[in-house]
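Residue numbers (this note's numbering), protein chains in the order written: chain A, 1 to 375; chain B, 1 to 405. Glycine included, each C-beta is placed from N, C-alpha and C at the ideal position.
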Amino acid sequence: MNFSFSDDQVLLKNSVRAALEEHCKSAHVRAMADDAKGYSDDLWGEMGKLGWLGLPFPEEHGGAGLGLVELAILLEEMGRAAYPGPFFSTVVLGGLGLTLGGTPAQKDKWLPAIASGRARMTAALLEEHLDWDPASTTASATKSGSGWILSGVKRFVPWAHVADAILVPARSAEGLSLFLLDPKSVGVTLSPMKGIDLSNRWSEMRLDKVAVGAEAIMSQPGGAATVLESLLRRAAVCASADMLGAARRCLDMSVEYVKVREQFGQPIGSFQAIRHRCAEMLLEAENAHAAVYYAAWALTAGAEDAAVASSICKSYVNEAARRVCGDSIQVHGGIGFTWEYDLHLYMKRAKALEPLYGDTEYHRELITRHAISAR
Amino acid sequence: MDLNYTPEDIAFRKQVRAWLEENLPRKEIRTLDDRLGWHRKLYEAGYLGMGWPKEYGGGGARPMEQAIVADELARSKAPAPANSLGIGIVGPTVIVHGTDAQKKRYLKKILTAEELWCQLYSEPNAGSDLAALKTSAVDQGDHFLVNGQKIWTSGGKVAHWGLLLARTDTKVPKHKGISCFLMNMRQPGVDVRPLKQITGSSEFCEVFMTNARVEKSDQMGKLGEGWAIAQTTLGYERGGRALARVTNYASQHSRLVEAAKKMRRHGKPLIEDPLVRQKIGRIWADIEVERYQALRTLTQLERGEHPGAGGSLTKLSYSELEKRYMELALEILGPYGQLTEGAPKEFQLEIDTAVGEQGSWAYAYLWSRAGTIYAGSSEIQKNVIGERILGLPKETRADRVGGKA
């Protein structure tokens, strides 16, 4: 048993941090906030060269064949840098969705395209009622010749405006099914949604009798429930890793700040009121670290408690990141409330991710079901 | 990262479990003699002092093996051994700081529980500010004469010996004038009085020392170095026990779930109430995160690293969790939660509390208030974390500036 990163994992972490410190400074994050697309193709290409875009895919599909622990390491660093762009939507939602439920032809076509930087993807997991349970899906898929007609409304589809393909859950006669949709299809309307997080974009997506071919269906018709549940668990852990990175950045900035900021003739970090708050922030961050990497390991290893570990992870990190980021504003005082100071970039990113891929209450309910049935 | 247990560790766990099935006391432990009997059984099986060097009667076991034994003891709801302070704290301290003669004289008898130990640290006016202690040890040429008062002494009633911190120099800054001694508790001049706690029982004692005697050979470390010894001692209160603690919490949690299934509110089982479900889910998550952290700590110990100030994070985390946990448990159980007697059987807590006694939820709740005070309060732990892990500047404090104790 070993809960430490391997040498390779440490190397990955260091190289990702170094690359993001070079290419994704806060000036870049701020510039992309005003950019029409919201991200940089140059940096995307660089990420492809570094092997990040195919990190968790099998080697036969142009990937590095690594697991969720490595992906979480990468995402933690992206959260730390508030990386703006469709990495999460493409690699986690699209790529892992395809590895879990794609047909061989879909995997052959899309995974190498993602890994090489040619394709961007996303998934439309949430509908109008904002219920994370895949069983609640109401978008419809009706058979039409050899293909399908899709109708419905999807909300908070990340980076849909730059996606080349979108995973769309819909209910067909066979049950819950999953489709791979070209967003340029007739009947697809995307309306941009912009929130407080300067580094992420979403769209509302309306599907008005969108015709897709037979090749668009993933997995088996009616067989998408387990794929979606697995994907959601992975997305929850990956989002937690991202939030952990954002929270760590807030903590690090806070600790540096309270060492130098003086009030009453002393650095404010010497006051117990401040020091105790920083100690609590560290405790939350360390516990969040354990929750993220335990769940990432459990999902990769197929451990017995992998499903509940992902719910523990998201529900715990949701609150931990909220406290750490919130407290970072508090210990900074007025400067923490300014637009010029970088703190809000990370705090807002974590805040926007908090309800995504399962809010705290959703995951706690899943944990309780597990606790009731386990004993 | 690989969180699978090795085949050796899995086999070892099976072996421990089988031994426990065979040897667990069948009847409830009520007297000290019962407890001593159980202690000797554990010792003979090699399950006490497992990590101590073999030359002093220990087993030279790896931290993971120690953790597995502690975990299986918790899982089987085994009673605590008799000399837990001696084994958990005093022995390891003697191993690090004691003379050869002290190791030969004391360690084996700690392991066999032939001599029971307590820890004489806190005083009425030196709790969180432990270095403010006033008990004095005055050099009489061939021995030291000890005068003063200690408080919160666990197991003081039954102890034969105590690990004592006393002031030997009043002219230097307070941390530097403290020395460490091994003191015979069974001598004239040592008066032990049980202290009734808010739980109604008396695990703790007050100890009054009036011209008590400590032999020169029972001084541990150099004069004035007691503070450093105390720091390592406090470090032993953490570590391999973490996994067992979580197992204990989890077993309590399953009792809580069972109770919530049986209780009814608004005509429905309580377990169907979404608010109750949220509370149950939250606590389960907190307990599991504690388990992940325990595995992290074990990884460090297995690699021969000392958690150091990281132990303060562990202690802060679990003691604060315990408080939140018991408060939520009592909320869920409603008026049954605060009963010490007369609760229907299914709402009782039939497992050991932190001190190894059969307990009620109410008792466990009251005990949870102690964890954030003893062995360094949460506030002290946060100071340690702030200063030693985060590197925050120290507070300007009068006692660090001046030269007087």
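Practice problem: Would you mind giving the Cβ-Cβ distance between P158/A and R120/A, rounded to the nearest angstrom? I have them listed as a contact below 8 Å. | Solution: With 8 Å as the limit, P158/A and R120/A do not qualify as a contact, their Cβ atoms being about 11 Å apart.
Quiz item: Going by the CB atoms, is the gap between A81/A and L20/A shorter than 8 Å?
Solution: yes
Exercise. Using a Cβ-Cβ cut-off of less than 9 Å, list which residues of the segment 306–317 of chain B approach chain A; keep chain order.
Key: Flagged, chain order: G310, S312, L313, L316, S317.
Quiz prompt | L176/A, buried or exposed, once every other Cβ within 10 Å from all chains shown has been counted against 16 | solution = buried
Exercise. Note down, in chain order, each residue of its chain lying with its Cβ closer than 7 Å to the Cβ of T300/A, except the 5 sequence neighbours on either side.
Key: Contacts found: G67, L68, V69.
Quiz prompt | Unbroken alpha helix (DSSP H) run spanning R13/B, endpoints | solution = 7–23
Quiz item: For chain A, is any of its Cβ atoms less than 8 Å away from the one on W284/B?
Solution: yes
Quiz item: Among G308/B, W361/B, L116/B, R303/B, which has the Cα closest to the Cα of Y249/B?
Solution: For the residues G308/B, W361/B, L116/B, R303/B, the minimum Cα distance to Y249/B belongs to W361/B.
Quiz item: Taking all protein chains shown into account, do 16 or more other C-beta atoms lie within 10 angstroms of the C-beta of N211/B, making it buried, or fewer, making it exposed?
Solution: exposed
Quiz item: Are the segment 254–271 of chain B and the segment 128–141 of chain B touching by the rule of at least three beta carbon pairs closer than 8 Å?
Solution: no
Quiz item: Of all the residues that make up the segment 371–392 of chain B, which are near chain A by a beta-carbon distance shorter than 9 Å?
Solution: S378, E379, Q381, K382, N383, V384, I385, G386, E387, I389, L390, G391, L392
Self-check item: Limits of the unbroken beta strand (DSSP E) element including W202/A
Solution: 202–212
Practice problem: Could you name the residues of the same chain whose beta carbon sits closer than 6 Å to that of V168/A, not counting the 5 residues immediately before and after it, in chain order? | Solution: A124, F179, L181
Practice problem: To the nearest angstrom, report how far apart T379/A and S203/A are at their CA atoms. | Solution: For chain A, the structure presents residues 1 to 375; residue 379/A sits outside this window and is missing.
Quiz prompt | When A285/A, I196/A, K143/A are compared against L244/A, the one with the closest alpha-carbon | solution = A285/A
Quiz prompt | C-alpha gap between Q272/A and R249/A, whole angstroms | solution = Their backbone Cα atoms lie some 22 Å apart in a straight line.
Self-check item: Top-ranked residue by Cα proximity to T170/B, from K134/B, E331/B, L164/B, R213/B
Solution: K134/B
Practice problem: Let me know the secondary structure DSSP gives N248/B once reduced to three states. | Solution: Looking at N248/B - three-state DSSP - the assignment turns out to be helix.
Quiz item: Residue range of the beta strand (DSSP E) that G119/B falls in?
Solution: Here residue 119/B turns out to be Gln, not Gly, going by the sequence shown. In the DSSP annotation of this structure, the continuous segment of the beta strand (DSSP E) that includes Q119/B starts and ends at 117–120.
Quiz prompt | Contact list for the segment 263–281 of chain B against chain A, Cβ threshold 7 Å | solution = I271, R277, Q278, I280, G281
Self-check item: Residues of its chain near T103/A, where Cβ-Cβ distance is below 7 Å and the 5 sequence neighbours each way are ignored
Solution: M218
Quiz item: At what residue ranges does the segment 290–316 of chain A contain a whole run of the alpha helix (DSSP H), taking only runs of 4 or more?
Solution: none
Self-check item: Own chain partners of P267/A with C-beta closer than 7 Å, once the 5 adjacent residues on each side are dropped
Solution: V258, K259, V260, R261
Exercise. Reducing DSSP to helix, strand and coil, say where C205/B ends up.
Key: When DSSP states are grouped into helix, strand and coil, C205/B belongs to the strand group.
Quiz item: With distances taken from CA atoms, which of G38/A, V29/A, L111/A is nearest E60/A?
Solution: L111/A
Self-check item: C-alpha distance - V207/B paired with K348/A, whole-angstrom precision
Solution: Straight-line Cα distance between these residues: approximately 55 Å.
Quiz item: Residues of chain B with CB under 9 Å from K37/A, in chain order?
Solution: For K37/A, there are no C-beta contacts with chain B under 9 Å, since the nearest C-beta of that chain is about 36 Å from it.
Exercise. With 8 Å as the threshold, decide whether the Cβ of V267/A is near any Cβ in chain B.
Key: First, the amino acid is wrong: residue 267/A is Pro here, not Val. At least one chain B Cβ lies under 8 Å of P267/A.
Quiz prompt | Under 7 Å by beta carbon: chain A residues contacting Q15/B | solution = The contacting residues do not exist; Q15/B stays about 17 Å from chain A at best.
Practice problem: Please work out which residues of its chain come closer than 6 Å, Cβ to Cβ, to W458/B, disregarding the five sequence neighbours upstream and downstream, and give them in chain order. | Solution: In the structure as shown, chain B begins at 1 and stops at 405. Residue 458/B is therefore absent and cannot be evaluated.
Quiz item: Does S6/A get closer than 8 Å to chain B when you measure Cβ to Cβ?
Solution: yes
Exercise. Note down, in chain order, each residue of its chain lying with its Cβ closer than 7 Å to the Cβ of L491/B, except the 5 sequence neighbours on either side.
Key: The question about residue 491/B has no answer, for chain B in this structure spans 1 to 405.
Quiz item: Is it true that the segment 380–389 of chain B meets the segment 273–280 of chain A, where meeting means three or more beta-carbon pairs spaced less than 8 Å apart?
Solution: Because the criterion of three Cβ pairs below 8 Å is met, the segment 380–389 of chain B and the segment 273–280 of chain A touch.
Self-check item: Simplified DSSP assignment, three categories, for D191/B
Solution: strand
Quiz prompt | Per-residue DSSP class, three states only, for H23/A | solution = Under the three-state reduction of DSSP output, H23/A falls in the helix class.
Quiz item: Quick one: which chain A residues come within Cβ less than 9 Å of L36/B?
Solution: Residues of chain A passing the Cβ test: none, with the nearest at roughly 34 Å.
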